[in-house]
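Peer 1: The sequence shown begins at 16 in this note's numbering and counts up one residue at a time.
Note that beta-carbon positions come from the ideal geometry of N, C-alpha and C, so glycine has one too.
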Amino acid sequence: MVEHASWEEVKRFKKFIEKNRNDLIVGVGGGRVLDVSKLAGGETGIPFLSVPTTLSNDGIYSPVAVISFEDGIKSVQTELPLGIVIDVEVIKSAPGIYLLAGVGDLIANMSALKDWELAESEGREKLERIAYLISRDAVESFVEFASNGYDVHSPIFIERLSDGLLASGISMAIAGTSRPASGSEHLISHALDKILEKPLPHGIQTGMATLFTECLRGEDISLLKKTMEKLGFPASPEEVGIKKETFLKAVELGPETRKGRFTILDITGRKEWEEAYKKAFE
Ligand SMILES: [Zn+2]
Numbered sequence: 016m017v018e019h020a021s022w023e024e025v026k027r028f029k030k031f032i033e034k035n036r037n038d039l040i041v042g043v044g045g046g047r048v049l050d051v052s053k054l055a056g057g058e059t060g061i062p063f064l065s066v067p068t069t070l071s072n073d074g075i076y077s078p079v080a081v082i083s084f085e086d087g088i089k090s091v092q093t094e095l096p097l098g099i100v101i102d103v104e105v106i107k108s109a110p111g112i113y114l115l116a117g118v119g120d121l122i123a124n125m126s127a128l129k130d131w132e133l134a135e136s137e138g139r140e141k142l143e144r145i146a147y148l149i150s151r152d153a154v155e156s157f158v159e160f161a162s163n164g165y166d167v168h169s170p171i172f173i174e175r176l177s178d179g180l181l182a183s184g185i186s187m188a189i190a191g192t193s194r195p196a197s198g199s200e201h202l203i204s205h206a207l208d209k210i211l212e213k214p215l216p217h218g219i220q221t222g223m224a225t226l227f228t229e230c231l232r233g234e235d236i237s238l239l240k241k242t243m244e245k246l247g248f249p250a251s252p253e254e255v256g257i258k259k260e261t262f263l264k265a266v267e268l269g270p271e272t273r274k275g276r277f278t279i280l281d282i283t284g285r286k287e288w289e290e291a292y293k294k295a296f297e
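(1) What does the Cβ neighbour count give for Lys241, buried or exposed, with the cut at 16 atoms within 10 Å?
(2) In its own chain, which residues sit with a C-beta less than 8 Å from the C-beta of Gly138, not counting the 5 before and 5 after it?
(3) On the three-state DSSP scale, how would you describe Ala153?
(4) Check the DSSP bridge columns for Gly42 and list the partner residues they point to.
(5) Locate the beta strand (DSSP E) running through Ser90, then write down its first and last residues.
(6) Ser77 by DSSP, collapsed to three states: which one?
(7) Work out the CA separation of Ile88 and Pro96 for me, nearest whole Å.
(8) Have a look at Gly184, Gly42, Glu287 and flag the residue whose alpha-carbon is nearest the alpha-carbon of Ala146.
(9) Find out if the Cβ-Cβ distance for the pair Leu121, Val154 is shorter than 8 Å.
(10) What first and last residue would you give for the alpha helix (DSSP H) that runs through Ile236?
(11) Just to confirm, is the Cβ distance from Ala295 to Leu202 under 8 Å?
(12) Which of helix, strand or coil does DSSP assign to Gly119?
(13) Quick check on this structure: which residue in Ser237, Thr261, Gly164, Ala182 has the alpha carbon closest to the alpha carbon of Glu212?
(14) Using only the alpha-carbon positions, how far apart do Ile149 and Gly247 sit?
(15) Is it buried or exposed, Phe31, if we count other Cβ atoms within 10 angstroms and call 16 or more buried?
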């Protein structure tokens with residue numbers, strides 16, 4: 016049993032694996048379990064098989080483990096899982112909010128890719144074209160599919176959502192960075208994690224923040240918003256108990272949560288944020 020997604024837990028499992036000379040690690044559960052077993056595998060050089068019980072984020076098949084250390088939560092780059100088993104019957108019984116969180120973490124790629132392009136055009140980073148295309152295709156084809164509106168518990172929806180999240184994880188593995196799936200919208204979510212007493216599922220926060228950052232870039236989000244609403248995704252931060260001021264505070268603090276990740280938040284300010292909030296949610 017994994018208690019917390021912490022470095023302490025990773026060390027505990029590492030010891031266990033080394034003592035028992037296991038040759039395969041099978042992680043069965045949600046994000047916390049997968050993150051710990053994934054990193055324990057990476058640290059010991061033992062292959063890891065991912066068996067998610069929900070599809071709440073793209074960590075189900077990515078080379079990144081989100082782990083808390085003494086000095087804060089970090090995204091640690093590690094090995095891509097050896098494979099993944101998705102049991103539709105199991106996923107079907109996950110609460111809808113977690114499947115919507117998976118949607119939110121996938122659509123975040125839309126925003127992340129534009130931040131990556133921005134960082135490249137500013138000469139700060141090199142964009143990895145193949146990873147970029149895989150991530151873009153994952154999110155675009157998913158949004159096109161989902162625009163018809165689906166019950167998030169239907170097998171076809173679960174299949175398409177897993178496909179998208181898997182491709183997202185693969186794009187991160189190819190890029191060697193979380194860039195194709197994590198930009199300004201993730202920075203806002205990280206800040207919300209710090210500010211809110213009870214943060215919402217990661218993907219709900221990143222999905223919401225994507226609507227905001229897309230408006231900040233002047234994109235037309237009407238179709239995206241309609242699609243998300245059809246699925247049951249919350250329409251605004253206020254709807255899930257986050258006040259406008261709290262959200263804008265997270266926008267301001269976002270860049271602090273991951274220094275060096277150049278995004279749209281670095282070239283905009285309070286006035287633009289207010290306008291984008293209005294466009295996205297009011
Ligand atoms: Zn994410």
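Peer 2: Once the coordinates are examined:
(1) Within the sequence shown, residue 241 is the residue found at index 226, counting from 1. By the 10 Å Cβ count, Lys241 comes out exposed.
(2) Numbered from 1 along the sequence shown, position 123 holds the residue referred to as residue 138. For Gly138, where only same-chain residues beyond five positions count, there are no Cβ hits under 8 Å.
(3) By 1-based counting over the sequence shown, the position of residue 153 is 138. Three-state result, Ala153: helix.
(4) What you label residue 42 is simply residue 27 of the sequence shown in a count that begins at 1. Ser65, per the DSSP bridge assignment.
(5) Translated into the one-based positions of the sequence shown, residue 90 becomes position 75. Per DSSP, Ser90 belongs to the beta strand (DSSP E) from 87-92.
(6) What you label residue 77 is simply residue 62 of the sequence shown in a count that begins at 1. Coil at Ser77, not helix or strand.
(7) The count along the sequence shown starts at 1 and reaches residue 96 at position 81. The count along the sequence shown starts at 1 and reaches residue 88 at position 73. Near 21 Å, if we compare the C-alpha coordinates of Ile88 and Pro96.
(8) If you number the sequence shown from 1, residue 146 lands on position 131. Minimum Cα distance to Ala146 is reached at Gly184.
(9) For the purposes of this step, residue 121 is identified with residue 106 of the sequence shown, where counting begins at 1. For the purposes of this step, residue 154 is identified with residue 139 of the sequence shown, where counting begins at 1. Yes, these two residues count as a Cβ contact at 8 Å.
(10) Here residue 236 refers to the residue found at position 221 of the sequence shown. No alpha helix (DSSP H) holds Ile236; DSSP gives it neither H nor E.
(11) For the purposes of this step, residue 295 is taken as the residue at position 280 of the sequence shown. For the purposes of this step, residue 202 is taken as the residue at position 187 of the sequence shown. Against a cut-off of 8 Å, the Cβ pair of Leu202 and Ala295 comes out as no contact.
(12) For the purposes of this step, residue 119 is taken as the residue at position 104 of the sequence shown. Here Gly119 sits in helix by DSSP.
(13) Translated into the one-based positions of the sequence shown, residue 212 becomes position 197. The residue with the shortest Cα to Cα distance from Glu212 is Thr261.
(14) To locate residue 149, count along the sequence shown from 1; it is residue 134. To locate residue 247, count along the sequence shown from 1; it is residue 232. Each residue's alpha carbon lies about 26 Å from the other.
(15) By one-based count along the sequence shown, residue 31 stands at place 16. Burial state of Phe31 is exposed, judged by a 10 Å Cβ sphere holding fewer than 16 other Cβ atoms.
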